[in-house]
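Heads up: the structure comes next, in structure tokens.
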């Protein structure tokens, strides 16, 4: 089972404030533990939304909106992707996630389970994804 730990953006992360060394060290410790347990698949921080864009769909039409985006609470500042045996194990790992706030104050992470190919019914399209080694 794969889970994505989403670190929600804050005013600091959107302003490009870099974390202090002690937060980086705490994150390194946590991710090293995940690695030793064989659970870490990927992890990274994201640049502020000012450097990003959104694509909006209306049928076949697409429009682009450049960042920054106003609603910080809707933004993601980073992620950690883990693979574990159960939801309970994922919950235990995420309870140990260091507080990601630059100042040690208020922060939030969200955890979402990823779909696996087995969650979809058999189809030619799913087999194409299986052949690509994705999902």
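Residue numbers (full-length UniProt numbering): 1 to 135.
Note that beta-carbon positions come from the ideal geometry of N, C-alpha and C, so glycine has one too.
Since this is a predicted model, take the numbers as computed values, not measurements.
Open item on the list: Assuming the contact rule is C-beta atoms closer than 8 Å, residue 56 and residue 49 should be a hit. Round their C-beta distance to whole Å, please.
Closed with: Residue 56 sits at position 56 when you count from the first residue of the chain shown. Residue 49 sits at position 49 when you count from the first residue of the chain shown. Rounded, the Cβ-Cβ distance is 15 Å, inconsistent with contact.
Task: Opening and closing residue of the beta strand (DSSP E) in which residue 10 lies - done: Your numbering for residue 10 matches position 10 in the chain shown. Segment: none, residue 10 is in no beta strand (DSSP E) and carries neither H nor E.
Open item on the list: Pull the bridge partners of residue 56 from the DSSP assignment, please.
Closed with: Within the chain shown, residue 56 is the residue found at index 56, counting from 1. Answer by DSSP bridge pairing, in chain order: 63.
- [ ] State the CB to CB distance for the pair residue 43 and residue 94, rounded to an integer number of angstroms; the pair is presumed to be in contact (CB under 8 Å).
- [x] Against the chain shown, residue 43 aligns to sequence position 43. Against the chain shown, residue 94 aligns to sequence position 94. That belief does not hold up - the Cβ atoms of residue 43 and residue 94 are roughly 13 Å apart, past 8 Å.
TODO: Count the other CB atoms, across all protein chains shown, that sit within 10 Å of the CB of residue 14; report buried if there are 16 or more and exposed otherwise.
DONE: Counting from one through the chain shown, the residue named residue 14 turns up at place 14. Looking at its Cβ environment, which holds 16 or more other Cβ atoms inside 10 Å, residue 14 is buried.
Task: Beta-carbon contacts of residue 107 that lie in its chain and below 6 Å, excluding the five residues immediately before and after - done: As a first step, residue 107 must be located in the chain shown, where it is residue number 107. So the list reads 99, 100 and 101, once near-sequence residues are dropped.
- [ ] Rank 75, 97 and 96 by C-alpha distance to the C-alpha of residue 8 and give the top, closest one.
- [x] Start at 1 with the first residue of the chain shown, and residue 8 comes out as number 8. Comparing Cα-Cα distances from residue 8 to each of 75, 97 and 96, the minimum goes to 75.
- [ ] Confirm, please, whether the CB-CB distance from residue 130 to residue 117 is below 8 Å.
- [x] Locating residue 117 in the chain shown gives position 117, where the first residue counts as 1. Locating residue 130 in the chain shown gives position 130, where the first residue counts as 1. Closer than 8 Å, so yes.
Open item on the list: Spatial neighbours of residue 2 within its chain, please: C-beta separation below 6 Å, excluding the five flanking residues on both sides.
Closed with: If you number the chain shown from 1, residue 2 lands on position 2. Within the same chain, residue 2 has close Cβ partners 83 and 114.
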